[in-house]
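Chemist: My questions will all concern the structure given below.
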Amino acid sequence: MILLERIWKNLREKGDAPAYCCETQRLSYRDLGEWAGRLCGYLQKRFVPGVPVLVYGHKQPVMAAAFLACAFGGFPFVPVDSFTPKERLRAILDSARPQALLAAEPLPEEKIPVLSPEVLDEICRGKKTVPLPYPARKKDEFFYIIYTSGSTGTPKGVMVTCENLDSFANWMWAMFPQKPAVVVNQAAFSFDLSVADFWPALSWGAQEYILSRRTQRDYPSLFSQLEKSEGELMVLTPSFASLLLADQSFCAQRFPKLKTLFFCGETLLPKTAQTLLERFSGLRILNAYGPTECTVAVTAAKIGEKEAAAALLPVGNPKPGMEIRIENEGRLAKEGEEGEIVLVGDSVAAGYVGTKPHATSFGMRDGKRSYCTGDLGWMENGVLYCKGRLDSQVKIRGYRVELQDVEKNLLALPGVDEAAVVSCQDQEGRTVRLAAFVRLGDGQDLTRQQLQALLAQRLPAYMCPVIRIVQVFPLNENGKCDRKKLKEIANGKGTFKADPNNRK
Ligand code: AMP
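Numbering (numbering that gives the first Met the number 0), first residue to last: 0 to 503.
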């Protein structure tokens, strides 16, 4: 793997140069290489290469060491952020069946070996030096497995191969002829947007500068950390940029080194791009597009003033090795015609854990792997535009949520007979929260607050809707739950006038 070869060289040669900075903690390339080497040696003595290892925590330096130890030792890793509630973690464990769990934060004892934060720390800081093995990974081996929201109510694990990641990292390498010295990370490691900063930064010999969840929730500290970082490239969601722009001091005068913003994960609004270009003259804005199933991103567009003036921003040209097709009822759409975006080529992952690829949106086209994204789009002069979803998947602050996933988890709560989840948008059309309508079974007297608390044990906070208990659901002409009506009510555009005779 070229990516790992580059990182291996940097870990040996970059010595005291900062590699991973997280608030008050800082690991140099030497430290990171040593930590990863010891942990890799430990894992190789006890575990079987090729079988997954789960890495749990929130951006602690030991997590960076754990990813490298797994990557060099040949263990596919499953990154899980500690915002994941216990039941969701259990579902991931049941699906991924990892042979070990590396816990950067305390976790209850599981049925598999758990390396606690104390044990991890002791291994990483050990006295003996254990060199990291030279990377010898095969193309088809799984590099990481990232879990994302699934419409069945359980998360689905996307299996990304070494070839997938190498291809992405090479594209990023070419996109940055002048390698940034400091790369700022926003996303949690369980969200594949983080792959766009963590792995390229280490392959460039740059500093990966982490913004923790706590920092992101505290405006003054967020701004002072950002200032301290002297970040040159930031990988972020458009929602996060809006949050930063809400403060007038997010501008070139305060952040003179910031040269590039790499966006991915959700729609970048023209207004956001325009304001950024006004505040940072000469800023390079990259609008990248892709699902986790196709390894972070497969297209990118540079957004300058001309592009930012349009109603919908382009998401760009495909990366090398990828072909984009727009399909309409099984046939290829004409230039400019809308259809489903289908991605074909070497970024397409191997499928979901425990599912046969052909039973899902994965497939083959012209002998190459393909993935039907469920996104609606069109091509114009080789440039892709993404208009939205063909299904009920939404993005909340960049996090992907299947509304059915939330519904299934509501239905799993005691006493809930029926549930419908809809999304609520702000004035600019961004999904800002979810609303759930719930009907309880006869004789059930759970309160809204109780339901809310029970759901929070099953789903991360960003997936938890505001719950409203109803007696009846409005029905449409086909006698089905009228979701359109529920969405209007949730968005304050309608009142609840369900006909009691419609009670199912
Ligand atoms: P995820 O797997 O979490 O990265 O989510 C992938 C989905 O996010 C895609 O299928 C799109 O619906 C959406 N998405 C990603 N990037 C963009 C973008 N630049 N513009 C619009 N939608 C995007």
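All C-beta atoms, glycine included, are put in the ideal place defined by N, C-alpha and C.
Which residues mark the beginning and the end of the beta strand (DSSP E) in which TYR384 is found?
Modeler: Here the beta strand (DSSP E) through TYR384 covers 382 to 388.
Chemist: Starting from MET321 and walking both ways along the beta strand (DSSP E), at which residues does that stretch end?
Modeler: Counting along the chain, the beta strand (DSSP E) containing MET321 begins and ends at 321 to 327.
Chemist: Would you say the beta carbon of THR291 comes nearer than 6 Å to a heavy atom of the ligand AMP?
Modeler: True, at least one ligand heavy atom lies under 6 Å from that Cβ.
Chemist: Tell me, please, which residues DSSP counts as bridged to LYS506.
Modeler: Outside the displayed span of the chain (0 to 503) sits residue 506, for which this structure offers no information.
Chemist: Distance check for LYS258 and LYS85, CA to CA, integer angstroms please.
Modeler: Each residue's Cα considered, the two are about 40 Å apart.
Chemist: Could you name the residues of the same chain whose beta carbon sits closer than 6 Å to that of ARG399, not counting the 5 residues immediately before and after it, in chain order?
Modeler: THR147 and SER148.
Chemist: Any idea if MET378 is buried or exposed, counting beta-carbon neighbours within 10 angstroms, 16 or more meaning buried?
Modeler: Under this definition MET378 is a buried residue.
Chemist: Is the distance from the Cβ of ILE6 to the Cβ of SER202 below 7 Å?
Modeler: The answer is yes: Cβ separation under 7 Å.
Chemist: Can at least three beta-carbon pairs, one atom from the region 260 to 275 and one from the region 340 to 359, be found at a separation below 8 Å?
Modeler: These segments do not touch.
Chemist: Which residues does DSSP pair with TRP377 in a beta bridge?
Modeler: Answer by DSSP bridge pairing, in chain order: TYR384.
Chemist: To the nearest angstrom, how far is the alpha carbon of ILE1 from that of MET62?
Modeler: Approximately 22 Å between the Cα atoms of the pair.
Chemist: Indicate whether CYS123 and TRP34 have their beta-carbon atoms separated by less than 7 Å.
Modeler: It is a contact, given that the beta carbons lie within the stated cut-off.
Chemist: Name, in chain order, the residues that DSSP records as bridge partners for TYR351.
Modeler: Partner(s): VAL157.
Chemist: Count the C-beta pairs between the region 31 to 47 and the region 221 to 233 that are closer than 8 Å, then say yes if the count reaches three, no if not.
Modeler: At 8 Å Cβ cutoff, the stretches do not touch.
Chemist: Can you give the beta carbon distance from ALA195 to VAL79, rounded, assuming they're within the 8 Å contact cut?
Modeler: Going by Cβ atoms, the distance from ALA195 to VAL79 rounds to 19 Å, so no, they are not a contact pair.
Chemist: Hey, how far is the Cα of PRO290 from the Cα of ILE325?
Modeler: Approximately 16 Å between the Cα atoms of the pair.
Chemist: Quick one: residues in its chain with C-beta nearer than 8 Å to the C-beta of ILE91, no 5 flanking neighbours on either side, listed in chain order?
Modeler: Cβ neighbours of ILE91 beyond the five flanking positions: LEU53, VAL77, VAL79, THR83, TYR146, PRO154 and GLY156.
Chemist: How big is the Cα-Cα spacing for TYR19 and GLY493?
Modeler: Distance between the alpha carbons of TYR19 and GLY493 is about 50 Å.
Chemist: According to DSSP, VAL471 sits in a beta bridge with which residue or residues?
Modeler: VAL471 pairs with nothing; no bridge assigned.
Chemist: Confirm the yes/no value for this check: CB of ASP374, any heavy atom of the ligand AMP, distance under 6 Å.
Modeler: Checking every heavy atom of the ligand AMP against the Cβ of ASP374, one is found closer than 6 Å.
Chemist: Under a three-way DSSP split, which group does VAL405 fall into?
Modeler: Correct three-state label for VAL405: helix.
Chemist: Excluding the 5 residues flanking GLU229 on each side, which residues of the same chain have their C-beta closer than 6 Å to its C-beta?
Modeler: Same-chain partners within the cutoff: VAL181 and LYS256.
Chemist: Enumerate in chain order the residues of its own chain whose CB-to-CB distance from LYS503 is below 6 Å, with the five nearest sequence positions on each side excluded.
Modeler: With a pLDDT of only 40 at LYS503, under the threshold of 50, the placement of this residue in the model should not be trusted; the figure read from the coordinates follows. Here the set comprises nothing.
Chemist: So VAL129 and GLY56 are in contact, right, with Cβ under 8 Å, and what is the actual spacing, rounded?
Modeler: Between GLY56 and VAL129 the Cβ distance is about 22 Å, and since that is not below 8 Å, they are no contact.
Chemist: In chain order, what residues of the same chain have a beta carbon less than 6 Å from the beta carbon of VAL393, not counting five sequence neighbours either side?
Modeler: So the qualifying residues of the chain are VAL400, SER422 and THR430.
Chemist: Beta-carbon separation of ALA68 and LEU42 under 7 Å?
Modeler: Yes, Cβ-Cβ distance for ALA68 and LEU42 is below 7 Å.
Chemist: Between PRO269 and ALA307, how many whole angstroms is the CB-CB distance? I'm expecting something under 8 Å.
Modeler: Yes, PRO269 and ALA307 are in contact; Cβ-Cβ is about 5 Å, under 8 Å.
Chemist: Can THR266 be considered in contact with the ligand AMP, in the sense that its beta carbon sits closer than 6 Å to one or more heavy atoms?
Modeler: For the ligand AMP, at least one heavy atom lies less than 6 Å from the Cβ of THR266.
Chemist: Do three or more CB pairs link the region 99 to 116 to the region 208 to 220 at distances below 8 Å?
Modeler: At 8 Å Cβ cutoff, the stretches do not touch.
Chemist: Between which two residues does the alpha helix (DSSP H) containing PRO17 stretch?
Modeler: Segment 17 to 21 is the beta strand (DSSP E) holding PRO17; no alpha helix (DSSP H) there.
Chemist: When burial is assigned at 16 or more other CB atoms within 10 Å of the CB, is GLU304 buried or exposed?
Modeler: When all chains shown are included, GLU304 counts as exposed.
Chemist: Which two residues bound the contiguous alpha helix (DSSP H) that contains PHE82?
Modeler: Unbroken run through PHE82: none, as it is neither H nor E.
Chemist: According to the neighbour-count rule (16 or more other Cβ atoms, all chains shown, within 10 Å of its Cβ), is ASP498 buried or exposed?
Modeler: In this predicted model, ASP498 has a pLDDT of only 48, less than 50, meaning its place in the structure is not dependable; the value taken from the coordinates is given anyway. Its Cβ having fewer than 16 others within 10 Å, ASP498 is exposed.
Chemist: Give the DSSP bridge partners of ASN477, in chain order.
Modeler: DSSP output for ASN477 lists no bridge partner at all.
Chemist: Can you tell me the Cβ-Cβ gap for ASP404 and ARG438, rounded? I've got them flagged as a contact below 8 Å.
Modeler: That pair is no contact at about 19 Å.
Chemist: Unbroken alpha helix (DSSP H) runs of length 4 or more, entirely within the region 444 to 469: which are they?
Modeler: Those alpha helix (DSSP H) runs which fall completely within the region 444 to 469 and span 4+ residues are 447 to 455.
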